[in-house]
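**Q**
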Amino acid sequence: MRRSLLAALLLAVVAAPVVAQETGTPVFLGPDRLFQKTDVGLTVSDPGNGFAMEGFYRVASGPAGDFGLRVGFADPSGGGATDFLIGGDYRMKLLSHTEDFPLDGAFVVGVGAQLFGDQDVLLVPIGFSLGRKILLEDSKTSFVPYFTPTLVPTFASESSIDFAFGLGVDIQFSERFDLNVAGSFGDLDGISVSFAWLH
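Mapping of the sequence shown onto the numbering used here: position 108 corresponds to residue 351, and the numbering continues sequentially without gaps.
(1) Look up Gln415 in the DSSP assignment and give the residues it is bridged to.
(2) For the candidate residues Gln279, Thr393 and Gly322, whose alpha-carbon lies nearest to that of Gly308?
(3) Closest to Gly267 by CA distance: which of Thr384, His442, Gly374 and Leu358 is it?
(4) Hey, out of Asp318, Ser304, Pro274 and Gly311, whose CA is closest to Val287's CA?
(5) Go ahead and pull the three-state DSSP assignment for Thr266.
(6) Quick check on the DSSP output: the beta strand (DSSP E) that includes Glu297 runs from which residue to which?
(7) Could you pull the DSSP bridge partners for Ser400 from this structure?
(8) Could you give the DSSP three-state label for Leu379: helix, strand or coil?
(9) Count the other CB atoms within 10 Å of the CB of Ala250; is the residue buried (16 or more) or exposed (fewer)?
(10) So for Lys445, helix, strand or coil by DSSP?
(11) Could you please give me the residues that DSSP links to Val364 through a beta bridge?
(12) Using the Cβ count rule (16 or more neighbours within 10 Å means buried), how would you classify Pro306?
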């Protein structure tokens with residue numbers, strides 16, 4: 244029953260017609276939390292129309308969940324006004340790989356805003372991240388390639404429901420350092436690089 248419910252949820256997310264993450268930048272989360280207590284870091288991205296920079300902080304919540312806060316700015320190309328970005332999200336791991344299903348999966352939901360630019364925008368992303376950790380033999384380095392279909396109700400002067408398909412990889416070089424490279428296509432095209440210190 245539980246497996247059927249999760250499959251139905253995943254199907255609904257993938258089939259729905261979905262801007263990426265809660266601040267509208269092409270940043271996505273893998274299915275696994277790589278830190279024990281907290282992580283803090285910096286993201287640089289090209290959301291398809293300029294440059295964005297954001298700081299973030301994440302904190303563990305129980306054995307399988309975590310909360311994140313993200314603050315920064317986006318400077319659009321073409322002379323538009325700079326946006327102030329703020330958002331938060333929650334990730335809960337719901338699937339662990341088995342012999343029958345080879346991927347881990349996590350439900351991700353967030354809320355965020357682009358403020359003080361040409362137009363204020365509120366975003367509420369809902370996604371499901373699927374991937375699997377790959378350990379390098381005789382090394383502390385691991386990779387978590389993942390994909391994240393995301394449905395994003397967007398509220399502005401004209402509201403819409405956007406779709407983004409995120410692809411990314413978490414590269415953990417040690418217990419303390421993680422590099423995330425992500426990109427998306429759909430209603431949002433772009434690429435991001437995030438550096439995080441894990442605790």
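Using N, Cα and C, we set each Cβ at its ideal position, and we do this for glycine too.
**A** Reading off the structure:
(1) In the sequence shown, counting from the first residue as 1, residue 415 sits at position 172. Answer is Ser385 and Asp421, bridged to Gln415.
(2) Stepping through the sequence shown from its first residue, residue 308 is reached at position 65. Here the closest residue by C-alpha is Gln279.
(3) If you number the sequence shown from 1, residue 267 lands on position 24. The option with the nearest alpha carbon to Gly267 is Leu358.
(4) On the sequence shown, position 44 is the one that residue 287 refers to. Closest option to Val287, Cα to Cα, is Asp318.
(5) Within the sequence shown, residue 266 is the residue found at index 23, counting from 1. DSSP places Thr266 in coil when its eight states are reduced to three.
(6) Within the sequence shown, the letter at position 54 stands for residue 297. Looking at the DSSP string, the run of the beta strand (DSSP E) that includes Glu297 is Gly293 to Ser304.
(7) The count along the sequence shown starts at 1 and reaches residue 400 at position 157. Ser400 pairs with nothing; no bridge assigned.
(8) For this step, residue 379 is matched to residue 136 along the sequence shown. Residue state, collapsed to three classes: coil.
(9) Taking the sequence shown and counting its residues from 1, one reaches residue 250 at position 7. Since pLDDT at Ala250 reaches only 41, below the 50 mark, its modelled position is unreliable, and the value read off the structure follows with that caveat. Its Cβ having fewer than 16 others within 10 Å, Ala250 is exposed.
(10) Residue 445 falls outside the range modelled here, since the chain spans only 244 to 442, and no answer is possible.
(11) Looking up residue 364 in the sequence shown gives position 121. Val364 pairs with Gln357.
(12) Numbered from its first residue, the sequence shown carries residue 306 at position 63. Looking at its Cβ environment, which holds fewer than 16 other Cβ atoms inside 10 Å, Pro306 is exposed.
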